Amino acid sequence: MEEEKDLTPQIFLSNEKFEIPEEGMLGLLALGDVGLKMWRQKRESIKASIQSSGNTVTDKSVDQKTTDTGLTTTD
Amino acid sequence: MRLAKKVLLIGWDAADWKIISPMLDAGLLPTLNKFVEQGVMGNMATLDPPLSPILWTSIATGKTADEHGILGFVEPDTVNQTVRPVSSRSRKVKALWNIFSQKGLKSNVVGWWPSNPAEPINGAMVSNFYQKVKAKYGEPWPMPDGSIHPKELEHLSEWRVHPGELSLAHILPFVPDALKVDQEKDKHLSSVAKILAECSSVHGAATWLMQNTEWDFMAVYYDAIDHFCHGFMKFHPPQRKNIPDNLYALYKDVVQGAYRFHDMMLERLLQLAGDDTTVMIISDHGFHSDHLRPNRIPKEPAGPAFEHAPFGIFTMKGPHIKKDERIYGATLLDIAPTVLTLFGLPVGRDMQGKVLNQSFDKKVETELIDSWESVTEGNAGMLPGEEREDPWAAKAAMDQLIELGYVEKPGEDKEKAMQKITDESQFYLSRVLMYRKKYLDAIIILEKIVEENPDRLRYGLALNECYMAANKIAESRLLIDKLRSSETAELARLDLLEASLFIAEFKPRKAMELLEKAEKRSAHLPYYFNELGRVYQRLGKWEKSQATYNRALDIDVNNASAHLGIARALLRTKKYAEAAEESIAAIGLMYAMPQAHYCLGEALYHLKHYEDAVTAFGMVTSLAPGSRKAHQWLAKIYREQLHDSEKAKYHQQFIMENIKGTVTVVSGLPRTGTSMVMQMLQQGGMEILTDNIRNSDNNNPKGYLEFEKVKATLRDNSWVNEATDKAVKVVAPLLPFLPDNYSYKIIFMQRDMDEVLRSQQVMLGHNRSVKQDAYPIALAEAFTKQLEKANAWIARTPGAEVLKLNYKDVIANPLEAAETITAFLDEDLEIEKMVSAVDEKLYRNKAE
Numbered sequence: 007m008e009e010e011k012d013l014t015p016q017i018f019l020s021n022e023k024f025e026i027p028e029e030g031m032l033g034l035l036a037l038g039d040v041g042l043k044m045w046r047q048k049r050e051s052i053k054a055s056i057q058s059s060g061n062t063v064t065d066k067s068v069d070q071k072t073t074d075t076g077l078t079t080t081d
Numbered sequence: 003m004r005l006a007k008k009v010l011l012i013g014w015d016a017a018d019w020k021i022i023s024p025m026l027d028a029g030l031l032p033t034l035n036k037f038v039e040q041g042v043m044g045n046m047a048t049l050d051p052p053l054s055p056i057l058w059t060s061i062a063t064g065k066t067a068d069e070h071g072i073l074g075f076v077e078p079d080t081v082n083q084t085v086r087p088v089s090s091r092s093r094k095v096k097a098l099w100n101i102f103s104q105k106g107l108k109s110n111v112v113g114w115w116p117s118n119p120a121e122p123i124n125g126a127m128v129s130n131f132y133q134k135v136k137a138k139y140g141e142p143w144p145m146p147d148g149s150i151h152p153k154e155l156e157h158l159s160e161w162r163v164h165p166g167e168l169s170l171a172h173i174l175p176f177v178p179d180a181l182k183v184d185q186e187k188d189k190h191l192s193s194v195a196k197i198l199a200e201c202s203s204v205h206g207a208a209t210w211l212m213q214n215t216e217w218d219f220m221a222v223y224y225d226a227i228d229h230f231c232h233g234f235m236k237f238h239p240p241q242r243k244n245i246p247d248n249l250y251a252l253y254k255d256v257v258q259g260a261y262r263f264h265d266m267m268l269e270r271l272l273q274l275a276g277d278d279t280t281v282m283i284i285s286d287h288g289f290h291s292d293h294l295r296p297n298r299i300p301k302e303p304a305g306p307a308f309e310h311a312p313f314g315i316f317t318m319k320g321p322h323i324k325k326d327e328r329i330y331g332a333t334l335l336d337i338a339p340t341v342l343t344l345f346g347l348p349v350g351r352d353m354q355g356k357v358l359n360q361s362f363d364k365k366v367e368t369e370l371i372d373s374w375e376s377v378t379e380g381n382a383g384m385l386p387g388e389e390r391e392d393p394w395a396a397k398a399a400m401d402q403l404i405e406l407g408y409v410e411k412p413g414e415d416k417e418k419a420m421q422k423i424t425d426e427s428q429f430y431l432s433r434v435l436m437y438r439k440k441y442l443d444a445i446i447i448l449e450k451i452v453e454e455n456p457d458r459l460r461y462g463l464a465l466n467e468c469y470m471a472a473n474k475i476a477e478s479r480l481l482i483d484k485l486r487s488s489e490t491a492e493l494a495r496l497d498l499l500e501a502s503l504f505i506a507e508f509k510p511r512k513a514m515e516l517l518e519k520a521e522k523r524s525a526h527l528p529y530y531f532n533e534l535g536r537v538y539q540r541l542g543k544w545e546k547s548q549a550t551y552n553r554a555l556d557i558d559v560n561n562a563s564a565h566l567g568i569a570r571a572l573l574r575t576k577k578y579a580e581a582a583e584e585s586i587a588a589i590g591l592m593y594a595m596p597q598a599h600y601c602l603g604e605a606l607y608h609l610k611h612y613e614d615a616v617t618a619f620g621m622v623t624s625l626a627p628g629s630r631k632a633h634q635w636l637a638k639i640y641r642e643q644l645h646d647s648e649k650a651k652y653h654q655q656f657i658m659e660n661i662k663g664t665v666t667v668v669s670g671l672p673r674t675g676t677s678m679v680m681q682m683l684q685q686g687g688m689e690i691l692t693d694n695i696r697n698s699d700n701n702n703p704k705g706y707l708e709f710e711k712v713k714a715t716l717r718d719n720s721w722v723n724e725a726t727d728k729a730v731k732v733v734a735p736l737l738p739f740l741p742d743n744y745s746y747k748i749i750f751m752q753r754d755m756d757e758v759l760r761s762q763q764v765m766l767g768h769n770r771s772v773k774q775d776a777y778p779i780a781l782a783e784a785f786t787k788q789l790e791k792a793n794a795w796i797a798r799t800p801g802a803e804v805l806k807l808n809y810k811d812v813i814a815n816p817l818e819a820a821e822t823i824t825a826f827l828d829e830d831l832e833i834e835k836m837v838s839a840v841d842e843k844l845y846r847n848k849a850e
């Protein structure tokens, strides 16, 4: 581990604020653990805000009826 | 001298420059493009058989499978009487990370195949079971036992990605019209999600370890390119005839998507590694992406490996690595020695590859030790003893292998399944031995499994290849005839094999006839044109051979044998500059090809590049230390051109002490046409060893061409050194008394025994027919016995090759005989003059 190195992913070094999409993106997977962590945190925060507003959580991962891909079918 | 502070070794299974290069040109892989510009790149030749667990273990150990012990995707589990995925327990030798552990260097290893259970190395290991998905999304998803070392890093499980966690946003870059897919009927999207999830899991663990642990060596293996290619290469452009338009439109971008995703992951890995780390990206084999894609995958274990191409990728950058340069001749076996050298550690003499010195910007002397296996100082972090395999983990991985098509579904009968898998691994072992040119060892294995599995043609084909390589021509003939009668025989492959056999039997015309007949079935195979090219060369038809080899290159430009064939043809037609170019092309593809270096040396000599010729011939002597001709060239160049008498003397001395020459022997019983063949050779331009003491007479009006000292061979065979590179006549009974330390090319003449006896009687002045008197049974038996003894000596003498010719056939068809002899001797003889030496009128004592 070398402390002096800045290991922040390039995508977050931009001056413009980067909004992580709830559905994720390939670029986040390519970042490895950091990207996964951010995406999962984003989902958690959305889930928490929906719960706090009293609505039902519709996490696609537990709601979907179809395949292991996480994608809903076209029907 | 240590060149690297840290080394990151990235494995991209099945990555291939054929796909990458156009993507680099199109700007689709920006990170890799920059990487290649900053370092060296080249092809990396795979090994045989091209099966990933075998190959990645060879990469990590520097040894072939007969040494490292990993023999395929599965192994028999003798405790449970079943079959299990190959495990790290089967590896018999140290991998790089074990050596580093002993030397106090820290390693992180992620996803390497096979690495379960994880080894207790100095550092961390995440095994290849870590990312496997068994549970449904949302259900508990425990990691298989042995997934992580050390235990305190088991929290790495959180970086695993389940396919169910992915969304459409992850799939669209691979399948832009994913929403049009009816997933009830079409399971391709599931497959994309699964591969992507598993790949992301490996990447998650790797990136975490890179940031949160100290490491000197990091090895990360990604199997996604291989898996995407097996699933989707059939949809890759250009569209193939059998691919429906709708499926082509949906999935044509998946393979490119896979590479682009790896380029994105690479960007992060490089950022985490830093500029002071030496980074290597390698693949174990390529993947056919063009017209070489097989039309069908054979229904056999490891059948999908038919889609693998023989060259993977190698690229490396970092401190002391040359920039923007191409390197040549790398093989998988070179990675371990090169990584050891980067760390300033010695290379084991028992490692089979070489250090890729051409990559370094300074000269580096390779340090050597006998073997790392005998180094006991320091803890190597290898697994302790035998442990029981976790059947759940094994089953999950097995299901994946079955799904990928690498493994057949095991039958009901477990014992039968286990036997099947044992035979298969023995088959792979034999192929490894063949790769190492240990044909006699391979024959022992193959004969057994061929006998037990006569219906498995691929075993028989491999056995035949060994017979041919070991010069067991009679065995090959028997086997080919047997395979021809098999119902499962694949005619195209058999035709090619039999053509090779005809060449080995020195029947080039028959080989050509068969190849011409087989053109319809086989003309899509580069191998077909290579064989045909070889036949033309045997017949001295150099231009035709060149055109034929070019057709092999039209099919596959990376065919090293075709480049070599063209180089030979160009050499013989005195086009030396072009011959050198073609030799270099062959070497660039397959460095360990001494024949190509030899051709290059000869071409460079004629171009008067003597120093370069010395380098080329020097490479021949290093790759094939027994090459007498290469030493002869070196002695000649040093003596005549470079005027270095010391070095010339060294090579001459080496030849004298270590390598005895090749002697052409014309043999048989007296009166079988041996003098006639000697005359053919002399007329054809071959040097004859004769003292002309015995003059011609009525029995042999054209002369005997004998050498008196031969008659005394029983007590003194030292005359043989005078016969090197010449032809000499030796009667059959004297053959067993020739010294063993020479190579012999024996033209053995055969003739009907009645005719032999009659001719001998005539010669002795008994002008009577054998049939007129009592048949000399005892004499015939004695001669037969002598022939048996001579044949037994030929069979057991490793340096003896034999061509058996029938006297009657030579008389009847002298042209074919002359061609056959020329092919056998591999000499440029003048065939027409040889034919003129045969006089039909001298065939006088015919059998009745």
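So the protein sequences, as listed, match chains A and B.
Under our numbering, the first residue of the first sequence is numbered 7, with each subsequent residue one higher.
Under our numbering, the first residue of the second sequence is numbered 3, with each subsequent residue one higher.
Glycine residues also receive a C-beta, built at the ideal position from the N, C-alpha and C atoms.
In this text, all values refer to a predicted model and were calculated from it rather than measured experimentally.
Quick one: is residue i buried, meaning 16 or more other Cβ sit within 10 Å of its Cβ, or exposed?
i, result
"threonine 824 (chain B)", "buried"
"glutamine 655 (chain B)", "exposed"
"glycine 675 (chain B)", "buried"
"leucine 107 (chain B)", "buried"
"phenylalanine 24 (chain A)", "exposed"
"lysine 509 (chain B)", "buried"
Please list, in chain order, all residues of the same chain as residue i whose beta carbon is under 6 angstroms from its beta carbon, the five residues on each side excluded.
i, result
"phenylalanine 102 (chain B)", "Ser109, Phe219"
"asparagine 466 (chain B)", "Ser478, Leu481, Leu499"
"phenylalanine 709 (chain B)", "Leu691, Thr692, Asp693, Val730"
"arginine 390 (chain B)", "Low confidence applies here, because arginine 390 (chain B) scores a pLDDT of 41, under 50, leaving its location unreliable; read the following figure in that light. Cβ within range, chain order: n/a, list empty."
Looking only at its chain, what residues have a beta carbon closer than 8 angstroms to the beta carbon of residue i, apart from the 5 residues adjacent to it on each side?
i, result
"valine 68 (chain A)", "Annotation note: pLDDT 33 at valine 68 (chain A) (below 50); position unreliable, coordinate value reported separately. Cβ within range, chain order: n/a, list empty."
"valine 366 (chain B)", "Met3, Leu5, Thr343, Val357, Asn359"
Roughly how many angstroms separate the alpha carbons of residue i and residue j, rounded to a whole number?
i, j, result
"isoleucine 690 (chain B)", "lysine 728 (chain B)", "5 angstroms"
"proline 816 (chain B)", "isoleucine 748 (chain B)", "18 angstroms"
"leucine 10 (chain B)", "alanine 588 (chain B)", "30 angstroms"
"glycine 628 (chain B)", "glycine 567 (chain B)", "22 angstroms"
"tyrosine 469 (chain B)", "arginine 673 (chain B)", "33 angstroms"
"tyrosine 746 (chain B)", "leucine 30 (chain B)", "59 angstroms"
"tyrosine 652 (chain B)", "arginine 351 (chain B)", "25 angstroms"
"proline 51 (chain B)", "phenylalanine 313 (chain B)", "13 angstroms"
"glutamate 121 (chain B)", "histidine 70 (chain B)", "16 angstroms"
On the three-state DSSP scale, how would you describe residue i?
i, result
"methionine 127 (chain B)", "strand"
"alanine 820 (chain B)", "helix"
"threonine 575 (chain B)", "coil"
"threonine 340 (chain B)", "helix"
"glutamate 77 (chain B)", "strand"
"histidine 310 (chain B)", "strand"
"glycine 288 (chain B)", "strand"
Round the Cβ separation of residue i and residue j to the nearest angstrom and send it over; I've been treating them as touching at under 8 angstroms.
i, j, result
"leucine 831 (chain B)", "alanine 819 (chain B)", "About 12 angstroms separates the two Cβ atoms, so there is no contact after all."
"tyrosine 224 (chain B)", "tryptophan 58 (chain B)", "Actually they are not in contact, since the Cβ atoms of tyrosine 224 (chain B) and tryptophan 58 (chain B) sit about 11 angstroms apart, beyond 8 angstroms."
"leucine 602 (chain B)", "serine 585 (chain B)", "4 angstroms"
"asparagine 35 (chain B)", "leucine 26 (chain B)", "5 angstroms"
"glutamine 634 (chain B)", "glutamate 379 (chain B)", "Contact doesn't hold; Cβ gap of about 46 angstroms is too wide."
Go through its chain and collect everything with a Cβ distance to residue i's Cβ below 7 angstroms, but skip five positions before and after it.
i, result
"serine 361 (chain B)", "Val42, Met318, Ile323, Lys324, Ile329"
"isoleucine 423 (chain B)", "Val76, Pro78, Val85"
"alanine 562 (chain B)", "Ala588, Leu591, Met592, Met595"
"lysine 512 (chain B)", "Phe504"
"glutamate 426 (chain B)", "Gly74, Pro303"
"proline 339 (chain B)", "Gly64, Val349, Met353, Gly355, Lys356, Val357"
"leucine 13 (chain A)", "none"
Output, in chain order, the set of chain E residues within a Cβ distance shorter than 8 angstroms of residue i.
i, result
"alanine 36 (chain A)", "The question asks about chain E, but that chain is absent: this structure's protein chains are A and B."
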